[in-house]
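Chains as they are written, first to last, in the numbering used here: chain H, 1 to 554; chain D, 1001 to 1364; chain U, 2001 to 2136.
Every residue, glycine too, gets a C-beta built ideally from N, C-alpha and C.
Remarks on the structure that follows.
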Amino acid sequence: MTTAEMLELDRLREEVAQWRARFDASKKRDGYFANSGDAVHPVYTALDSAGDGAALELPGEFPFTRGIHATGYRGKLWTMRQFAGFGTAPETNARYKYLLSHGQTGLSVAFDFPTLMGYDSDHPRSEGEVGKCGVAISSLADMETLFDGIPLDKVSTSMTINGPAVILFAFYVAAAEKQGVDTKQLRGTIQNDILKEYMAQHAWVYPIEPALRLIVDNFEWSAEHIPLWNTISISGYHIREAGATAAQELAFTLADGFTYVERGIARGLDVDDFAPRLSFFWDIHNDFFEEIAKLRAARRIWARHLKDRFGAKDPRSLIMRFHSQTAGVTLTAQQPMNNVVRVAYQAMAAVLGGTQSLHTNSMDETLALPTEQAVQVALRTQQVLAYETGVPSVADPLGGSYYVEALTDKLEREAETLFEQIAEVGGVVRGLETGWLQRKIAESSSRQQWEIEQHRRTIVGVNEFVTEEGELTIPLLKVSAAAEQEQRARMATMRASRDAMLVESRLETLRNASRTDTNLMPYILDCARAYCTLYEIRAAMETVFGAYREPVFF
Amino acid sequence: MLQSLEALIADFEAGKLAALARAVSIVENHRNGYDELMTRLHAKIGRARRLGITGPPGAGKSTVTNLIVQSLRREGLRVGVVAVDPTSPFTGGALLGDRVRMESVALDPGVYIRSMATRGSLGGLSARTAEVADVLDAFGFDRIIIETVGVGQTELDIARTADTTVVVLVPESGDSIQTLKAGVMEIADIFVVNKGDRPGADRLRSDIELMLGLRRGATGNVPAHHGVQLTGLNEKGVGPKSANPMHLARKAAWMDNPEEWTPPVLGTTASKGEGIDILLEAVGRHFRYLEVSGSLKGRRRRRLRNQVTEVVSERVRSRLWEDAETNAWLEAQLDRLELGSVTPFAVADELLRRSGPLLTGVGA
Amino acid sequence: MRPIRVLVAKPGLDGHDRGAKVVAAALRDAGMEVIYTGLHQTPEMIATAAVQEDVDVVGLSILSGAHMTLIPRVLDLLRDDGREDILVTGGGIIPREDMDALEARGTGRLFGPGTPTSELVAYIRAWFDARESQIA
């Protein structure tokens, strides 16, 4: 540093110190803390951001803190991708058409719990659960109906499915084949992030190693056959919703990502062959600036690690593309209209953080699946943001803000510390087996609950500003019990009309292949084409892989 | 709704699980009907073999227990499990999470699982646990497994109520042999080092072997450590082809004193289901040893004796300290004590003297 | 007074257990003995556990919308085992009108999201005290 610079630094420090003295002497409330529990200063200045000073960061330039594209949203607005699904395939098909006609630009499939867990709609364990939380898809037939009239080469589809993800993906590809579409044109994502399932969401099927094998099979197969498809959506959303802090969400998610990269490389793939198709999924929680900083830090960390640690050369391997969803856990059942406001702020944070794709929650989702009106408001929230506020005009408009830069650096440091701790535990898989990761999340969750109950954390309408009026009644979506009956009937028809011998032979072939190291995707696809059901395909592999037993950690 | 005791006993004898569960509650809490129930059941107690499983938290005991239960069920035996977890000393509550790890037998009508909390005992936990086991015994279970966590004093007491005690250890719980409390070495009839696929498992097994060898005075020029392969034990609990001097010394010691049981040190990897058959075999051998050596009878007699002494202690405790008059009298002595005009020992003797009728419940 | 015994269970295929674990921890901190069943429980598994453990209360956490099938099934099974005296409570994502229907069917009070755990604790304690004084 030159003498002039040192003098300037001293002058700044003196100025801030004087300001601080005036501040301390004034009347004000104490104790401001970020969501994470760390103290927040009353003001941030150039003295707070680490800043090597020299590096001028720009969007679209390594390490991509300010965004992955130079053109930002001017080049391409974020995709408005509302997660939807309920009842039977025909009902959800109608909802998709509704959303597309209202300006939604990408589809996102929500499956019901039986499907998420790999059970057919007519399996005994599925009783009472069919179609309740998402759409029921038990075979190729259902998938064909789901996208009836929606050309799969013209839309991009995100499917939120994990345990049996490769099976549902096979149904989708087979459905595209039936439409006569060139499957090399298919665009979309399957979530398929099994590590976070063991950690947080708990929608698993197989034990860890076979599950990872299937994921890498998919990396390998899709790179060749479905090159535009995002083979995984490495998720922080569920980890955050389970109670993790922002720093933990950041670190555990990225650690999962690094683990997948390691596994791909261990398979013999070149990192640049599959890394460009890895995508991410973040939660957008309440603390406005912390969330923006988190997304900036995420991009920076991913780029650095992929380059320095994994030797990625292709710039597309270094850029973190991600979808965001506003935080479900922040919504309240009390005074549901307040949720519209929460979601609006969170959506803005997501856009200021540079998300490629966004889902905004509906106001009624603490009570039921959203009604058409509620989902329309959620979609309009994004549209107002996109077209009326001017926010998307400038890439990373908060870049250079002392506070946001300081927070970005801080979160990056915290994440690096957590990476070290995870390495000490033996890595992510080990962390899951020993429960280290789950326990960290449980601790954060308990602490937050305590803070809420101690009124150290305000939730408007719940522990503060409570109204005694009877609950505001808004119309709620009711998934009819008929959906389950209907789905059973559809399945019966399907089972009766398929070639039973072909089904058996394809399943047997898959079972045998599962005992070897071969890539299982082609076998699964063959089963899908023959109208094997979800459970049949899942069970065929389960006889070889076994099922996952939950270790409980508090 | 609440049944009469007679109806409950009738259902119990008819083999109804709901009645068993209720009976266990009565006994566990010494509720109304306790005396009558225990009297009625007493004659039926003594058929079941009791297996104690203990060890530090995280050792995988519940997983091991689950596998043992599955194995016993395959032999057609009915199994009762009592899983004891600690009560929080601050809140008085407890999180009883052992049942969760035995889900594979959750719906098996031949298996009964009961979770118990230690309830911050002032003594009496092991009696309570033994009594619950008695109820299961009387109900007709062939095997009763008592699983406790930790290797503290109360856990050791509980273990003593079992016929065979298995101590499960893991390499990574940070417990090197030196830190294990002395009591553990005494009570263990069988040692199991679980998580055999983790580094340090073999080392821990040989460390335990060494300790056992030392205790039997079979040291001398035993090398510092050896890799120890302990699967496939012969009936004396020693590896058949072992040339390890420690082994041979132990084997010799056993042959000199065939009445002594030498605890085998076994390895399992419960998460993969490995090693359980050998463990059960060792348990079976130990039981036969108990029968043949007459120790079984001795242990049971000791258990019954302990039950009596624990009940006596518990009754004395409650009769004295729950008596308002006694407490008031003691309060009144505090001034004298403070002044130093009388010692606590003297006050104690005086209290005992005046409490005769209170303690015996006779002639107040 | 002996501790209150509560079974906290997650019926059905829903895997979100943050709420159930928060409740289990809160009940323990309130001095109760909590038996946590883990995820993916069928009504049969829940009823069997409740009967074997002779619990006072069964707390069910359901966020999957399957409550109108699963909760009545648990009630029926408990009744078949002669244990309709066990309090069945719980919560999750259950609309008000379904809560009313379930309460009419035989559950105790059901609680929506955002309910402070202290309220749940107070409810269980009051229920237990009232029952104990009836027996006495």
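Exercise. Is any beta-carbon of chain U found at less than 9 Å from that of I1113 (chain D)?
Worked result: By this cut-off, I1113 (chain D) is an interface position.
Exercise. Is the shortest distance between the beta-carbon of V1132 (chain D) and the beta-carbons of chain U less than 9 Å?
Worked result: So no, V1132 (chain D) is outside the interface.
For this session: Just the C-alpha distance for M1108 (chain D) and F62 (chain H), rounded to the nearest angstrom, thanks.
Result: Checking the displayed sequence, the identity of residue 1108 (chain D) turns out to be Asp instead of Met. Their Cα atoms are separated by approximately 60 Å.
Problem set entry | Range covered by the alpha helix (DSSP H) that runs through W450 (chain H) | Judged by DSSP secondary structure, W450 (chain H) falls within the alpha helix (DSSP H) whose first and last residues are W436 to E453.
Exercise. Where does G188 (chain H) fall in DSSP's three states?
Worked result: Strand, per DSSP.
Exercise. Which first and last residues belong to the alpha helix (DSSP H) in which F2128 (chain U) is found?
Worked result: That run of the alpha helix (DSSP H) goes T2117 to I2135.
Exercise. Looking at C-alpha atoms only, which residue of H:V135, H:S126, H:F465 and H:Q248 is the closest neighbour of W436 (chain H)?
Worked result: Minimum Cα distance to W436 (chain H) is reached at H:Q248.
Problem set entry | N- and C-terminal bounds of the beta strand (DSSP E) containing Q574 (chain H) | As shown, chain H starts at 1 and ends at 554. That puts residue 574 (chain H) outside it, with no answer to give.
Exercise. What's the C-alpha gap between G1273 (chain D) and D1098 (chain D)?
Worked result: When rounded, the distance between both Cα atoms is 18 Å.
For this session: With 9 Å as the threshold, decide whether the Cβ of T1091 (chain D) is near any Cβ in chain U.
Result: Interface residue (Cβ-Cβ distance to chain U less than 9 Å): T1091 (chain D) is classified as such.
Exercise. To the nearest whole angstrom, what separates the beta carbons of A203 (chain H) and N162 (chain H), a pair I think is in contact under 8 Å?
Worked result: Sure, about 5 Å apart at Cβ, within 8 Å.
For this session: Quick one: residues in its chain with C-beta nearer than 6 Å to the C-beta of I2035 (chain U), no 5 flanking neighbours on either side, listed in chain order?
Result: Correct list, in chain order: L2007 and E2053.
Exercise. If you measure from the beta carbon of Y96 (chain H) to each beta carbon in chain U, is any gap under 9 Å?
Worked result: Interface residue (Cβ-Cβ distance to chain U less than 9 Å): Y96 (chain H) is not classified as such.
Problem set entry | Touch test, the segment 231 to 242 of chain H against the segment 251 to 259 of chain H, Cβ-Cβ under 8 Å, three pairs minimum | Taking a cut-off of 8 Å on C-beta distances, the segment 231 to 242 of chain H touches the segment 251 to 259 of chain H, as three or more cross pairs fall below it.
Exercise. At least one CB of chain D closer than 9 Å to the CB of R549 (chain H): is that the case?
Worked result: True, the Cβ-Cβ gap to chain D drops below 9 Å.
Exercise. Alpha carbon to alpha carbon, what distance is there between N1066 (chain D) and H69 (chain H)?
Worked result: H69 (chain H) and N1066 (chain D) have their C-alpha atoms some 55 Å from each other.
For this session: Measuring alpha carbon to alpha carbon, tell me which of D:S1293, D:A1018 and D:T1063 ends up nearest L1136 (chain D).
Result: Between L1136 (chain D) and the set D:S1293, D:A1018 and D:T1063, the nearest pair of CA atoms involves D:A1018.
Exercise. Hey, is A1043 (chain D)'s beta-carbon within less than 9 Å of any beta-carbon in chain U?
Worked result: No, its Cβ sits nowhere closer than 9 Å to a Cβ of chain U.
Exercise. So, is Y535 (chain H) buried or exposed, given that buried needs 16 or more other C-beta atoms within 10 angstroms?
Worked result: A residue is called buried when at least 16 other Cβ atoms come within 10 angstroms of its Cβ; Y535 (chain H) meets this threshold and is buried.
Exercise. Using CA coordinates, which residue listed in D:P1089, D:E1186 and D:A1133 is at the minimum distance from E1147 (chain D)?
Worked result: For E1147 (chain D), the closest C-alpha among the options D:P1089, D:E1186 and D:A1133 is that of D:A1133.
Problem set entry | Per-residue burial, P124 (chain H) [other beta carbons within 10 Å of its own, 16 or more giving buried] | Around the beta carbon of P124 (chain H), fewer than 16 other beta carbons sit within 10 angstroms, so the residue counts as exposed.
Problem set entry | Min CB distance P114 (chain H) to chain U below 9 Å | Contacts with chain U at 9 Å (Cβ-Cβ) include P114 (chain H).
Exercise. Which first and last residues belong to the beta strand (DSSP E) in which W282 (chain H) is found?
Worked result: The continuous beta strand (DSSP E) containing W282 (chain H) extends over residues L278 to I284.
Exercise. Just reading off the alpha helix (DSSP H) that F23 (chain H) is part of, what are its end residues?
Worked result: Looking at the DSSP string, the run of the alpha helix (DSSP H) that includes F23 (chain H) is T3 to A25.
Problem set entry | For L1037 (chain D), the residue or residues it bridges with in DSSP | DSSP lists no bridge partner for L1037 (chain D).
Exercise. Would S279 (chain H) pass as a contact of T371 (chain H) if the rule is Cβ separation under 9 Å?
Worked result: S279 (chain H) is not a Cβ neighbour of T371 (chain H), given a cutoff of 9 Å.
For this session: Spell out whether any CB of chain H is found under 9 Å from the CB atom of I2086 (chain U).
Result: Cβ-Cβ to chain H under 9 Å: no for I2086 (chain U).
For this session: Identify the contact partners of G1097 (chain D) in chain U, using a Cβ-Cβ distance below 7 Å as the criterion.
Result: Think of a sphere of 7 Å around the beta carbon of G1097 (chain D): the chain U residues whose beta carbon falls inside it are Y2036, in chain order.
For this session: Please state if the CB of L2110 (chain U) and the CB of P2072 (chain U) are separated by a distance shorter than 9 Å.
Result: In this structure, P2072 (chain U) lies away from L2110 (chain U), with their beta-carbon atoms at least 9 Å apart.
For this session: Determine which residues share a DSSP beta bridge with F1191 (chain D) and list them.
Result: Secondary-structure assignment with DSSP links F1191 (chain D) through a beta bridge to D:V1167 and D:V1265.
Problem set entry | Any C-beta of chain C under 9 Å from that of S126 (chain H) | Absence of chain C from the displayed structure is noted, the protein chains being H, D and U.
For this session: Ignoring anything shorter than 4 residues or poking outside the segment 370 to 416 of chain H, list the alpha helix (DSSP H) runs there in chain order.
Result: DSSP runs (the alpha helix (DSSP H)) wholly in the segment 370 to 416 of chain H: 372 to 387.
For this session: Can you tell me which of H:A496, H:L269 and H:R296 puts its alpha carbon nearest to the alpha carbon of W221 (chain H)?
Result: For the options H:A496, H:L269 and H:R296, the alpha carbon positioned closest to that of W221 (chain H) is the one of H:L269.
For this session: Put E464 (chain H) into one of helix, strand or coil per three-state DSSP.
Result: Per DSSP, reduced to three states, the secondary structure at E464 (chain H) is strand.
Problem set entry | Range covered by the beta strand (DSSP E) that runs through I1144 (chain D) | Note, I1144 (chain D): beta strand (DSSP E), R1143 to T1148.
For this session: Answer yes or no: do T231 (chain H) and N286 (chain H) have a C-beta to C-beta separation smaller than 9 Å?
Result: In this structure, the beta-carbon distance from T231 (chain H) to N286 (chain H) does not fall below 9 Å.
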